[in-house]
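Residue 679 in this note's numbering sits at position 172 of the sequence shown, with consecutive numbering throughout.
All C-beta atoms, glycine included, are put in the ideal place defined by N, C-alpha and C.
Computed from a predicted structure; not experimentally measured.
Take a look at the structure set out below.
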Amino acid sequence: MRILKLQPGRERRIIKGHRWVFSNEIADPIRDFEPGSLVEVLTAKGVSLGAGYINPASLIAVRLVCPPGKKPDEDFLRQTLLEAARFRQFVYPGAESFRLVFGESDSLPGLVADRYGDVLVYQAGTLGVALMEGLIRELLVDLFRPAALVFRNDSPSRALEGLGMEKGVAYGSVAGEVPISIDGIKYLVDVLGGQKTGMYLDQRDNRSAAKKWMKGKRVLDLFCYNGAWSLSAIAGGAAEAIGVDQSADAVELARRNAEVNGLDGRASFVAADVFDYLKRTPWASFDVIVLDPPAFAKTKPALAEATKGYIDLNRRALLALRPGGILITCSCSYHMSEELFREVLISAGQASGRRLRLLEVRGQAFDHPSLLAMPETKYLKCFVLEAA
């Protein structure tokens, strides 16, 4: 393992618990380092900060994996995966579906793994993880004994690491969608063809907490994907839920999820562009509106245009709310900070002529933990507002 030294004073953020080393913090030339290879990071005075893997072409030059004195060998990876599983059982005792590994927050930067019943789905997002992928597969199968292990290495971000797009079954077999249950609601998860790894698990706690605002209400669920917000609303006592998504495949899956729960009489779904749907929605049509869009700002340069989009989307949703109605509005864009999202909502309230009361500010589910010293691991914002 090669040694890499930082410039003087550049270790402070790492000592506090951040897991990235940026290229402009490194004293040594890094062009001749093998991409994805392991390095030990030292302070300018030679004190070890731990080991990680390097990408000389990236601003995030090193992603730290191990503390000082450790190396990311089979034993370390085994113990790290077991600790990740222990934490999930701590926050969701007895659960069979959850995010098992969440990158840096679980000391496995670049790796995401989700459990859907007896099926495991993982994504390798960086070259460093891709080079360890064979060992990771072996450990996931050995430790958790899944019926199938699926790889969804089809995220566009892999291109930044020089990696191709691929997906398939690494172990066992998958026949169609995987049936699971979360908080008493049944879902069919398309682990090979669905969005991300098949389902958005990061909103599970928010969906559950929102039930108290739904009882007896007419709910509009925008960007509904598989209908999870709609089904949760009906389970919480909503009189009616309408889900809207531009993907016809997503809408069909949402309908089937409603059917398997016996909720298709009160939950319906429409394939349509959300902005167009809101333009056609009469004023004050709904008691509760959920906005859970995909990331509008995937890069920092896209933030200015994304901000305009968030303001327009929330403005239109507020116009469709009845006085005293509830807006549950989310952003999963890391570059859209909580403070900026708050300003977005203030602007949307002004533009719609609605006075907004803040009821709750929430984030991602417990199985997507964030490191206190690494704000990059905290990405989901969920504001619950009353619109007067």
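Where residue i sits in the DSSP three-state scheme
i	result
S604	strand
G831	strand
E541	coil
S859	helix
A620	strand
S555	strand
D728	strand
S612	helix
T836	strand
A745	coil
R869	strand
R517	coil
D734	Note on residue identity: the sequence assigns Gly, not Asp, to residue 734. In this structure, G734 counts as coil in the three-state DSSP scheme.
L634	helix
Delimiting residues of the alpha helix (DSSP H) encompassing residue i
i	result
E645	640-651
R595	581-598
V767	755-767
Between the CA atoms of residue j and residue i - distance to the nearest angstrom
i	j	result
V554	N821	50 Å
K693	R659	23 Å
L627	R762	25 Å
F890	D799	11 Å
E603	G641	25 Å
T814	E845	12 Å
V795	Q630	34 Å
S566	S530	Checking the sequence, you will find Leu at residue 566 rather than Ser. Taking the straight line from one Cα to the other gives about 5 Å.
R849	M639	40 Å
G691	G870	22 Å
L634	W527	15 Å
L589	P563	31 Å
S859	W790	11 Å
E883	P801	17 Å
V648	I687	20 Å
G750	I835	14 Å
Y678	V696	18 Å
Closer than 8 Å to chain D by CB, residue i
i	result
A564	Protein chains in the displayed structure number just one, and chain D is not present.
First and last residue of the uninterrupted beta strand (DSSP E) at residue i
i	result
E893	888-894
R526	Where R526 is concerned, there is no enclosing beta strand (DSSP E), given that its DSSP letter is neither H nor E.
I533	That residue, I533, is in no beta strand (DSSP E); it is neither H nor E in DSSP.
A631	626-631
A568	567-573
Residues bridged to residue i [DSSP beta-bridge criterion]
i	result
K512	L549
D752	A778
R864	E893
Y560	L545, R570
Item to check | Secondary structure, alpha helix (DSSP H): runs of 4+ residues fully inside the stretch 647-723 | outcome: 711-717
Next on the checklist: List, from N- to C-terminal side, the alpha helix (DSSP H) runs of 4 residues or more that fit wholly inside the stretch 773-832.
Outcome noted: 781-787, 810-826
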